[in-house]
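Asks: Pasting a structure below so you can have a look.
Numbering (my numbering), first residue to last: 19 to 116.
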C-alpha cells in the first residue's frame, strides 16, 4: 500500500526549512542524520536521539502528516451493555412485586 505522505516533497522542503537549519546548527537535544526511507529516493533528515528514526517534518506538512497518522489508528469501540430499560431503584422494584 503506497504511503499517503510524499517524502520526496518533504525532502525538498527540508532543504529550505529555516527551523531545521537552526536545529542542525544549535541543537544538543536532537541527533539528526540523513536517512533513505523505503518510500523515498532522496535521503531525508531524521532524528535518532530516541533510538528510533523519526523524520523531521517541515511545518507546512505537519497537519497533513498528523491527520494521516491519526486516521490510521484503529480504536477499539466500546460495546453497549444491555440493560433493562425500566430499571429503577431496588426499593421501588420491590414495591412493584408486592
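Even for Gly, the Cβ is constructed at its ideal location relative to N, Cα and C.
Going by Cα to Cα distance, which pick from 77, 73, 82 is closest to residue 58?
Replies: Translated into the one-based positions of the chain shown, residue 58 becomes position 40. Comparing Cα positions, the closest option is 73.
Asks: Give a yes or no on whether the C-beta atoms belonging to residue 79 and residue 31 are separated by under 8 Å.
Replies: For the purposes of this step, residue 79 is taken as the residue at position 61 of the chain shown. For the purposes of this step, residue 31 is taken as the residue at position 13 of the chain shown. Cβ distance < 8 Å, so residue 79 and residue 31 count as in contact.
Asks: Using 8 Å as the threshold, is the C-beta distance between residue 26 and residue 60 below it?
Replies: By 1-based counting over the chain shown, the position of residue 26 is 8. By 1-based counting over the chain shown, the position of residue 60 is 42. Yes, these two residues count as a Cβ contact at 8 Å.
Asks: Taking the C-alpha atoms as reference points, what is the distance between residue 43 and residue 50?
Replies: By 1-based counting over the chain shown, the position of residue 43 is 25. By 1-based counting over the chain shown, the position of residue 50 is 32. Going by the C-alpha atoms only, they are around 10 Å apart.
Asks: Would you mind working out which of 88, 84, 83, 75 sits nearest residue 36, comparing C-alpha positions?
Replies: Start at 1 with the first residue of the chain shown, and residue 36 comes out as number 18. Measuring from the Cα of residue 36, the nearest candidate turns out to be 75.
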